[in-house]
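K.L.:
Line by line, the protein sequences give chains A and B.
Residue numbers for the first sequence follow our numbering, beginning at 1 and rising by one.
Residue numbers for the second sequence follow our numbering, beginning at 110 and rising by one.
There are 2 protein chains.
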Amino acid sequence: MEIFEAVKSLSSLAHETRLGIFRQLVQAGAAGLSVGEVNSAMQIPAPTLSFHLKELANAGLVTSRHEGRFIYYQANYTAMNELLAYLTENCCQGESCMPANKCKPGAKR
Amino acid sequence: MEIFEAVKSLSSLAHETRLGIFRQLVQAGAAGLSVGEVNSAMQIPAPTLSFHLKELANAGLVTSRHEGRFIYYQANYTAMNELLAYLTENCCQGESCMPANKCKPGAKR
DNA sequence: TCCATAGTTTTATAATTATGGAAATAAAAA
DNA sequence: TTTTTATTTCCATAATTATAAAACTATGGA
Chain A
1 MEIFEAVKSL SSLAHETRLG IFRQLVQAGA AGLSVGEVNS AMQIPAPTLS
51 FHLKELANAG LVTSRHEGRF IYYQANYTAM NELLAYLTEN CCQGESCMPA
101 NKCKPGAKR
Chain B
110 MEIFEAVKSL SSLAHETRLG IFRQLVQAGA AGLSVGEVNS AMQIPAPTLS
160 FHLKELANAG LVTSRHEGRF IYYQANYTAM NELLAYLTEN CCQGESCMPA
210 NKCKPGAKR
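1) I believe Val35/A touches Leu56/A by the beta-carbon criterion, under 8 Å. Please report the beta-carbon distance rounded to the nearest angstrom.
2) Mind reading off the beta-carbon distance from Leu128/B to Leu134/B? Whole number of angstroms is fine, and I expect it under 8 Å.
3) Among residues of its own chain, excluding the 5 on either side of Lys217/B, which ones have a beta-carbon nearer than 8 Å to its beta-carbon?
4) Could you check the C-alpha separation between Gly169/B and Thr17/A for me, to the nearest Å?
5) For a quick check, are the C-beta atoms of Glu176/B and Gly29/A less than 7 Å apart?
6) Starting from Ser205/B, follow the alpha helix (DSSP H) in both directions and report where the run begins and ends.
7) I need the straight-line Cα distance from Arg132/B to Val171/B, nearest angstrom please.
8) Classify Ala140/B as helix, strand or coil using the three-state DSSP reduction.
9) Measure the beta-carbon distance from Ala123/B to Val7/A and round it to whole angstroms, keeping in mind my assumption that it falls under 8 Å.
10) Listing by chain order, which chain B residues have their CB less than 9 Å from the CB of Arg65/A?
11) Quick check: the Cα distance between Glu114/B and Asn81/A, rounded to an integer number of angstroms?
12) Counting only beta-carbon atoms, is Ser11/A nearer than 7 Å to chain B?
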């Protein structure tokens, strides 16, 4: 991963609204959520939400698919994991710096 | 972790210069690097570097200690790992979304 | 004591990013 | 075909963040 991409991803997460959206999507699994579903938890004007979703998509952290009038957004787990790996690359000089940061799946519904 | 703190941490990493500094420190291990050592790889004006180090410190991702005329900065691995854990919290609806993102220590020097 | 070195603070300016109303697009329902 | 619903794009304004020169602080030599 290039530093430029990492900065783009981190920037897209570095905003309270977008981080909230991303975490919703991370927890929603592969099916994702429609824009309306995302917004029912957020309460922000549609153009603002759309702007933030676009930022996340541009950074590659989420993808979207059309389904009729709806657009479903889903977390891109691969991109997320690449970002996390980039941050910890070659860390801590061989000392053990911490427990694993696995992507631990939540409880199955 | 509160979303507010996570945003602060992510914002501090969402800048090419700061991300570069942080990764240097992550790889430098617990001993850290002096400001001058950090800068020998970066080539930026001292006030700019100082500004960025302060941002990282304010976010809690790095700490510093004085030693004579020098100030050594070191990565805060605990904070880093908490941030990574926050991003992946309850992810992916019980599907397995990816390989672990361990903090894998680099080769010991 | 005087000077050089290491780093920070202050501050004005420049650059970037976010917000949300109004208008636009596109698909389904009436 | 008209209307409604879902969402985006456009765009002007507001808010935030970054840059680096100048001045400052602190420590360790000479």
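Where a beta carbon is used, it is the ideal one built from N, C-alpha and C, also for glycine.
P.N.:
Considering the structure as presented:
1) Indexing the first sequence from 1 puts residue 35/A at position 35. Indexing the first sequence from 1 puts residue 56/A at position 56. Not really, about 12 Å apart at Cβ, beyond 8 Å.
2) Within the second sequence, numbered from 1, the residue matching residue 128/B stands at position 19. Within the second sequence, numbered from 1, the residue matching residue 134/B stands at position 25. At roughly 11 Å, the Cβ-Cβ gap does not stay under 8 Å, so Leu128/B and Leu134/B are not in contact.
3) Along the second sequence, read from residue 1 onward, the residue named residue 217/B stands at position 108. With a pLDDT of 48 at Lys217/B, under the threshold of 50, the modelled position of this residue cannot be trusted; read the value that follows with caution. Nothing meets the Cβ criterion.
4) Within the second sequence, numbered from 1, the residue matching residue 169/B stands at position 60. Within the first sequence, numbered from 1, the residue matching residue 17/A stands at position 17. If I take the Cα positions, the gap works out to 21 Å.
5) Your numbering for residue 176/B matches position 67 in the second sequence. Your numbering for residue 29/A matches position 29 in the first sequence. No, the pair does not count as a contact, with Cβ atoms beyond the cut-off.
6) The count along the second sequence starts at 1 and reaches residue 205/B at position 96. No alpha helix (DSSP H) holds Ser205/B; DSSP gives it neither H nor E.
7) Residue numbering aside, residue 132/B sits at position 23 when the second sequence is read from its first letter. Residue numbering aside, residue 171/B sits at position 62 when the second sequence is read from its first letter. If you take the alpha carbons of Arg132/B and Val171/B, they lie about 11 Å apart.
8) Stepping through the second sequence from its first residue, residue 140/B is reached at position 31. Note: Ala140/B maps to coil in three-state DSSP.
9) Locating residue 123/B in the second sequence gives position 14, where the first residue counts as 1. Locating residue 7/A in the first sequence gives position 7, where the first residue counts as 1. Sure, about 6 Å apart at Cβ, within 8 Å.
10) Taking the first sequence and counting its residues from 1, the one referred to as residue 65/A is at position 65. Within 9 Å Cβ-Cβ: nothing; Arg65/A doesn't reach chain B, min ~17 Å.
11) On the second sequence, position 5 is the one that residue 114/B refers to. On the first sequence, position 81 is the one that residue 81/A refers to. Distance between the alpha carbons of Glu114/B and Asn81/A: 21 Å.
12) As a position in the first sequence, residue 11/A is number 11, starting the count at 1. It does: the Cβ of Ser11/A has a partner Cβ on chain B nearer than 7 Å.
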